[in-house]
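The structure appears below as structure tokens.
Numbering (our numbering), first residue to last: 4 to 123.
As structure tokens, this is what we get:
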């Protein structure tokens, strides 16, 4: 299946289990793998035949910036649901990364990955 890969979408948001995360906020990074039939666009060289990924980026950033979920799983699910509503999208894989989790003695990153597809 063809796909459009959008990597490193960064936005400042207010999702987190701790109350201060929902008040002070933090940076998030999102990667999207969007399944779209690219065969017509490859032949026509016409943007009308493909997904205009600027819209996917804008919607992702907007959701990160305006949502206040306790769990990053919920934010990732909301992003997936929004991307599935875009024209021509058959499936989406969302990887949402929290680069600076407020966990003592942990300097790594936390990420969730979910995949959603159109129901037929």
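Each residue gets a CB set at the ideal place from its N, CA and C atoms; glycine is no exception.
Exposure of residue i, with buried meaning 16 or more beta-carbon neighbours within 10 Å
i	result
residue 79	buried
residue 50	exposed
residue 11	exposed
Pair within 8 Å by beta-carbon distance, residue i and residue j
i	j	result
residue 39	residue 5	yes
residue 99	residue 60	no
residue 175	residue 92	An answer regarding residue 175 cannot be provided, because it is not within the stretch 4 to 123 covered by the chain.
Own chain partners of residue i with C-beta closer than 7 Å, once the 5 adjacent residues on each side are dropped
i	result
residue 7	37, 39, 54 and 56
residue 52	43 and 44
Assumed close pair residue i, residue j - CB separation to whole angstroms, cut-off 8 Å
i	j	result
residue 32	residue 105	Their Cβ separation, rounded to whole angstroms, is 16 Å, which puts residue 32 and residue 105 out of contact at 8 Å.
residue 81	residue 95	Contact doesn't hold; Cβ gap of about 12 Å is too wide.
residue 66	residue 44	Contact doesn't hold; Cβ gap of about 26 Å is too wide.
residue 74	residue 109	With 8 Å as the limit, residue 74 and residue 109 do not qualify as a contact, their Cβ atoms being about 18 Å apart.
Option in the options with minimal Cα separation from residue i
i	options	result
residue 2	107, 58, 85 and 71	For residue 2 there is no data in the structure shown, the boundaries of the chain being 4 and 123.
residue 17	90, 89, 47 and 64	64
residue 122	87, 112 and 23	87
Chain-order list of residues whose beta-carbon lies under 6 Å from that of residue i (same chain, five-residue window excluded)
i	result
residue 62	85
residue 118	96
Contact test: residue i Cβ vs the ligand SAM heavy atom, cutoff 7 Å
i	result
residue 6	Among the components modelled here there is no ligand, and therefore nothing to report on the ligand SAM.
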